[in-house]
Amino acid sequence: MKKLLQDTIVQRPLLCDGAMGTQLMLAGLEQGGCGEKWNVTHPERVLAIQRRYAQAGAECIITNTFGGSRIMLNRHSNGSRAAEFNKAGVAIARQSFDGRDGYVLGDIGPFGGLLAPFGDFTEDDVQSAFDEQAAALVEAGADAIIIETQTSLEELVIGINAAKKAGAKCIIGSMAYDVTLDGTNFRTMMGVEPEKAAEFMEENGAHIVALNCGTGMDMQRALAAVERYKSATSLPVMVQPNAGKPKLVNMKVVYDETPEQMVKGLMPLLNAGANIVGTCCGSTPEHTRAFRKVMDEFLESKGFEPVGAQREN
1 MKKLLQDTIV QRPLLCDGAM GTQLMLAGLE QGGCGEKWNV THPERVLAIQ RRYAQAGAEC
61 IITNTFGGSR IMLNRHSNGS RAAEFNKAGV AIARQSFDGR DGYVLGDIGP FGGLLAPFGD
121 FTEDDVQSAF DEQAAALVEA GADAIIIETQ TSLEELVIGI NAAKKAGAKC IIGSMAYDVT
181 LDGTNFRTMM GVEPEKAAEF MEENGAHIVA LNCGTGMDMQ RALAAVERYK SATSLPVMVQ
241 PNAGKPKLVN MKVVYDETPE QMVKGLMPLL NAGANIVGTC CGSTPEHTRA FRKVMDEFLE
301 SKGFEPVGAQ REN
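Start counting the sequence shown at 1; every next residue gets the next number (full-length UniProt numbering).
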């Protein structure tokens, strides 16, 4: 029987995949288009992206369902197809491993608004949307649910509760932090510090605490986040830092860290106890491939069999 994700990562670290949105746009998705719809209309393009990450050595693939809640999909007139898009996303991610062992992480991103009284959506609205999405992801066979790019504990707990209700085997809560203007600290847009987030996630039933994205959250900041998380919780830690800082070049957003530059910060992360390491905005399968090489060196040093990058067929 397949080990639970949270049990595997306490024995050895795993490598997750990288950015999806930028890869979809490179594959032809129009700016502002519904990437989740591609799980049904262009599954071969989504599969090609995720297969490249798996072949580069990723052991965890996050589904193409970041904006897959009914609330988000309603903005593209696709709300009624939420379950269909999410189930297809799980199937594609599973297929990307080409029969090899791997973990599919069902992705629930932010609902894209503010909760009442500051916004137009009630907790019941968001709970219903997340319940529907989580149920579809779990029913389709996701190994874990990741509630990601969260900035408020109020929305995060709605996602955690949805995952629990759906019977998710593993629940990951992932916050998006921003470095303060003076560079001395980082917290979410809603003012949540890593220690508070970690304590909250453990209290509410998450199995893994994580971070992804955010402003200025590079490898060095990810290392600080791992240390801060581990000071507040005994749960495993997952990190997905950005590929450096975004710059506008010829009217396109470009991230400034190459795989060779970014991977220099990986060994400190592993030595600090990061249990899952992936990459976020601006990264590519080549970043994953560079990470795989260093992670294999780390595994060998600890007496584990290296995974090795998978060759393309």
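Note that the Cβ used here is the ideal one computed from N, Cα and C, for glycine as well. The model shown is predicted, which means the values in this text are computed figures rather than measured ones.
Quick one: grab the DSSP three-state call for residue i.
i, result
"K230", "helix"
"D256", "coil"
"P194", "helix"
"R12", "coil"
"L29", "coil"
"E305", "coil"
"L5", "helix"
"I247", "One point to set straight first is that residue 247 is Lys, not Ile, in the sequence displayed. Strand."
"G216", "coil"
"G173", "strand"
"M189", "coil"
"D296", "helix"
By Cβ distance, which residues of its chain are closer than 6 Å to residue i, with the 5 residues on each side in sequence left out?
i, result
"A232", "E195, A198, E199"
"P241", "M217, D218, M219, A222"
"T63", "G89, V90, A93, G106, D107"
"residue 326", "In the structure as shown, the chain begins at 1 and stops at 313. Residue 326 is therefore absent and cannot be evaluated."
Between which two residues does the beta strand (DSSP E) harbouring residue i extend?
i, result
"L211", "208 to 212"
"M20", "It is not in any beta strand (DSSP E) - M20 carries neither H nor E in the DSSP assignment."
Got a sec, what are the start and stop residues for the alpha helix (DSSP H) residue i sits in?
i, result
"P268", "266 to 271"
"V263", "Premise fails: V263 is in no alpha helix (DSSP H) and is neither H nor E."
"residue 314", "Residue 314 cannot be examined here, being either before or after the span of the chain that is shown, 1 to 313."
"T41", "38 to 41"
As a quick exercise: from the options, pick the residue whose alpha carbon is nearest that of residue i.
i, options, result
"K2", "R100, G89, G33, A54", "R100"
"E260", "T22, Y229, A243", "A243"
"D182", "T215, F97, A176", "T215"
"V138", "P117, F111, V104, I71", "V104"
"residue 318", "S128, V10, G18", "Only positions 1 to 313 of the chain appear in this structure, which leaves residue 318 out of reach."
"E154", "I61, E123, V294", "E123"
"G167", "A144, T184, Q150", "A144"
"I158", "D125, D7, V179", "D125"
"K293", "N275, Q150, L266", "L266"
"T22", "C280, C60, L14, L73", "C280"
"A272", "V226, M295, K245, P306", "V226"
What does a CB cutoff of less than 8 Å around residue i pick up in its chain, not counting 5 residues either side in sequence?
i, result
"R12", "L299, K302, F304"
"K164", "I171, G205"
"M201", "L156, I160, G173, V209, T233, L235"
"K247", "V253, V254, Y255, D256"
"A134", "G106, I108, I145, G159, A162, A163, K165, A166, A168"
"V10", "P236, N275"
Let me check you understand the geometry: is the CB of residue i closer than 8 Å to at least one non-hydrogen atom of the ligand ATP?
i, result
"A93", "Ligands in the displayed structure: none, and consequently the ligand ATP is not present."
Suppose the cutoff is 7 Å on Cβ atoms and the five residues either side in sequence are ignored; what does the same chain contact list for residue i look like?
i, result
"E312", "In this prediction, E312 has a pLDDT of 46, which is less than 50 and means its spatial position is unreliable; what the coordinates show is noted afterwards. These residues qualify, in order along the chain: Q55."
"Q268", "In the sequence as presented, Gln is not what sits at residue 268; that position holds Pro. Correct list, in chain order: L223."
"L26", "none"
Item to check | Runs of beta strand (DSSP E) lying entirely within the stretch 98 to 124, each at least 3 residues, in chain order | outcome: 103 to 108
Item to check | Those runs of the beta strand (DSSP E) which lie wholly inside the stretch 48 to 107 and span at least 3 residues | outcome: 60 to 62
Next on the checklist: Which complete beta strand (DSSP E) runs does the stretch 119 to 165 hold, if anything under 3 residues is left out?
Outcome noted: 144 to 150
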